[in-house]
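The sequence shown begins at 140 in the working numbering and counts up one residue at a time.
Cβ atoms here follow ideal geometry from the backbone N, Cα and C, with glycine treated the same way.
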Amino acid sequence: MNHLLSIKELTQQQLIDLLALAKTIKANPEDYRKALDGKSVVMLFEKPSLRTRVSFDIGINKLGGHCLYLDQQNGALGKREPVSDFAANISCWADAIVARTFAHSTIEQLAEHGTVPVINALSDMYHPCQGLADFLTLAEQFDDVSKVKLAYVGDGNNVTHSLMYGAALLGAKMTVICPQGHFPDGKVVLEAQAIAEAHGGELVLSSDVEAIAGHDAIYTDTWISMGDKASLDEIKAKFAPYHVDTDMMNKAGAKFFMHCLPAYRGVEVAAEVVDGAGSLILQQAENRMHAQNAVLVTLLS
Ligand code: CP
Ligand code: NVA
């Protein structure tokens, strides 16, 4: 493993090992206090962030490393100088690059032109760190995460893609329910279905909300991702049946609700669900740090 650009690049064993290491680091943080001793990580963010920025910064600190955050105020990526020069220069000083970008191709360019590991902190296509944290969260609730039946409802997006690859690699069952025209990327679906088949899992897509029956957890995300130009009024009308409320949780028979956050209460999810007893949102947020620390330790030590 040289980078973490997408979960699809991992083998099943690498994913299982990352989840196991995240659990170990979470349980025994003292053992990892010097894991990144003398290492520096540059974080390049083109988009806003709360969880990703803070969990990487504090996580790196807890591993004994140093982190430098670069926003776009001192020269946007690719504007003052090419992304390739950014990557080559940062590689002269830093030991890893964590990047949140609009285009996934920017992250690929950083990996191509830099000489240090690159970690995708969200692109338009993938959010692998989120996916890892989410499967860590499910693994804490279920003895065998490969037996989990996960439903994703709403906009097929970067988070959906990473969840689909993760579920597929683990051999879990996942159903993705989206309005017509808002399904995940077709190529990603085909790849994830092939991976699922190879590992004894199943990935089903539907636009019928009745497909929600028989799932352990329902996951949703914002209906308009960062960088999307969609009109909220139009989206709200189209997506209304996909709003996750208590009725949908009951129809699914789902014990757990998941969301990567930020959540828009009353839009994609009802407050009673996102703030309810079965909501795993804060466990997911906390696990961002442990999952990312497992990635950092794997890539840098
Ligand atoms: N879930 C997530 O990535 O949150 P931020 O956008 O706040 O980093
Ligand atoms: N799909 C959302 C995730 C935010 C963490 C976005 O890309 O904006």
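- Where S244 is concerned, the enclosing alpha helix (DSSP H) starts and stops at H243 to H252.
- The beta carbon of Q151 lies closer than 8 Å to those of L308, L309, G310 and H338 in the same chain, with the five residues before and after it left out.
- If only uninterrupted alpha helix (DSSP H) runs of at least 4 residues are considered, those enclosed by the region 306 to 354 are 325 to 337.
- By the beta-carbon neighbour count (other beta carbons within 10 angstroms, threshold 16), K178 is buried.
- For M140, the Cβ stays outside the 7 Å cut-off from all heavy atoms of ligand 2.
- For T191, the shortest C-beta to heavy atom distance toward ligand 1 is below 7 Å.
- If you draw a straight line from the Cα of G214 to the Cα of D176, it is about 29 Å long.
- By the Cβ neighbour-count rule, N141 is exposed, with fewer than 16 other Cβ atoms within 10 Å of its own.
- A Cβ-Cβ distance of about 18 Å is found for the pair Q431 and M397, leaving them out of contact under the 8 Å criterion.
- Beta-bridge analysis with DSSP links R239 to F184.
- The residues T361, in chain order, have a CB closer than 7 Å to that of Y403 in the same chain once the five nearest residues on each side in sequence are set aside.
- Per DSSP, H429 is one residue of the alpha helix (DSSP H) stretching across I420 to L439.
- Contact annotation: the region 253 to 273 does not touch the region 165 to 176, with fewer than three C-beta pairs closer than 8 Å.
- C206: not part of any alpha helix (DSSP H); member of the beta strand (DSSP E) spanning H205 to L209, first to last residue.
- Not one heavy atom of ligand 2 sits closer than 7 Å to the Cβ of H321.
- Secondary structure note for M388: it is in no beta strand (DSSP E), and the uninterrupted alpha helix (DSSP H) holding it is T385 to A391.
- Bounds of any beta strand (DSSP E) do not take in N213, whose DSSP letter is neither H nor E.
- The C-alpha of L277 is placed about 9 Å away from the C-alpha of L419.
- In the DSSP annotation of this structure, the continuous segment of the beta strand (DSSP E) that includes F395 starts and ends at F395 to H398.
- In the three-state DSSP reduction, S301 falls in the helix class (H, G or I).
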